[in-house]
Amino acid sequence: MLVNMKEILDDAAKKKYAIPCINTPNEETVRAVIGAAEELGVPIIIDHAQVHDSLIPIERIGPIMLKYAREAKVPVCVHLDHGSDYTFLMRAIRVGFPSIMYDCSALPFEENVRRVKDFVEIAHKLGITVEAELGIMASASPEDTHGDVDPEKRALTNADIRKFFTDPDEAARFADETGCDALAVCFGTMHGIYLEEPELDIERVKVLRAKVRQDCNIVMHGASGVPFDQDILAIDAGCSKINYYSYMAKATTGFVGDKIKETEGKIAYHELQEAAYEFMKGYAKNVISTFRNGK
Ligand SMILES: [Zn+2]
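Throughout, the numbering used here is defined as the position within the sequence shown, counted from one, plus 852.
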């Protein structure tokens, strides 16, 4: 069943668990993530990142994501991850995405507010939910960068990341003025592969959750690579949507490499692909169950 973000996140926020949002840049990953949610009987969010569009365009992967979502036994939200240019948002709407992230976090606060507010007005009329971002999410490498982040702001160390943390008062104002349904905030995570163990500012999440409009969900990006016990603290503090991908992709590459070695390269490609699908499904099940936080 295809749903927008709000239809599933409000329950998560109320009961203090989080729903993972996982990138699905090919059909095996779509099947694996939705299959994992179906086996557990819980809702899930799958997303296509604008940065993955050079890998596979939204017009090609979008309809596949939507078809699997519609046919799923559990609610599945199909979401656009880090849409940073307007034309791209329009393409996502045309393909039929019920949920869109408009990332203007690289712009000054007032400009971020203005753009997101204008977009929310259109999106809500179409029944589309909107996520925005405030603060700047660092990335480990230029390829991991979402949005038009200035290379100077591609922080790598925990000390660098701290400079771009989300201010709770600004976040409250942002949510009120834009009417966004979810807000990605910065409190110590980054995209891609971590160079040192992340230090999360959990107290900041608690303050953000207390100050931001209650029906605006707090989102954590860059969760893969963060120890699960830290993720749980962030969930308890109020994060209800958690973006997770890089480490699942990395683990799958490791699995595929081992499989090739184990079979001395004799495994057929389609069998390798199917084995990778099973591996990802197991991996996704673990992530989903962990983020359910016992709920
Ligand atoms: Zn992100």
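Beta carbons are placed, not taken as given, at the ideal position from N, Cα and C, and that holds for glycine. In this text the structure is predicted, and so the values were computed from the model without any measurement.
With a cut-off of 8 Å on the beta carbons, I'd call residue i and residue j a contact; round off their distance for me.
i     : j     : result
V1139 : Y1096 : 6 Å
V928  : V855  : 7 Å
M917  : V882  : 6 Å
V1108 : A1128 : 6 Å
I952  : A921  : With a Cβ gap of about 15 Å, I952 and A921 do not count as contacting.
A1075 : I1045 : Rounded, the Cβ-Cβ distance is 13 Å, inconsistent with contact.
A910  : I945  : What sits at residue 910 in the sequence shown is Ile, not Ala. About 10 Å separates the two Cβ atoms, so there is no contact after all.
D1012 : A990  : 7 Å
May I ask you to list the residues that DSSP assigns as paired with residue i?
i     : result
E880  : For E880, which the question treats as bridged, DSSP gives no partner whatsoever.
C929  : V855 and I897
N793  : Coverage of the chain is limited to positions 853 through 1147, which leaves residue 793 absent and any answer about it impossible.
I952  : L932 and V982
V1037 : L986
I1071 : Reading off the sequence, residue 1071 comes out as Val, not Ile. In the DSSP output, where bridge partners are listed per residue, V1071 has A1036 and K1093.
M1042 : A990
Taking the CB atoms as reference points, tell me whether residue i and residue j lie closer together than 8 Å.
i     : j     : result
K1058 : A1089 : yes
P950  : I913  : no
E1055 : N1010 : no
M1132 : A884  : yes
T827  : V1078 : Past the boundaries of the shown model lies residue 827; the chain is included only from 853 to 1147, so the question cannot be answered.
I886  : A924  : yes
F1143 : I1087 : yes
K1113 : I1119 : no
V968  : C1068 : no
E880  : Q1125 : yes
V926  : T1030 : no
H1122 : H1073 : no
Less than 8 Å between CB atoms is the rule here; does residue i satisfy it with respect to chain C?
i    : result
A975 : The chain labelled as chain C is not found in the depicted structure, where only one protein chain is given.
Does the beta carbon of residue i fall short of 7 Å from some heavy atom of ligand 3?
i     : result
H1043 : Among the ligands modelled here, namely ligand 1, ligand 3 does not occur.
Quiz item: For the stretch 1009-1025 against the stretch 891-901, are there 3 or more C-beta pairs whose distance is under 8 Å?
Solution: The answer is no - the stretch 891-901 does not touch the stretch 1009-1025, with fewer than three Cβ pairs under 8 Å.
Exercise. Inspect the CB distances between the stretch 860-877 and the stretch 919-938 and report whether three or more fall short of 8 Å.
Key: Touching, per the Cβ criterion.
Quiz prompt | Touch test, the stretch 854-867 against the stretch 902-913, Cβ-Cβ under 8 Å, three pairs minimum | solution = Contact between the stretch 854-867 and the stretch 902-913 is absent, because fewer than three Cβ pairs lie under 8 Å.
Quiz prompt | Contact the stretch 1022-1036 vs the stretch 981-990: 3+ CB pairs below 8 Å | solution = As far as the Cβ criterion goes, the stretch 1022-1036 touches the stretch 981-990, which means the pair count is three or higher.
Quiz item: Okay, do the stretch 856-863 and the stretch 956-970 touch, 3+ Cβ pairs below 8 Å being the bar?
Solution: Result no; under three Cβ-Cβ pairs closer than 8 Å.
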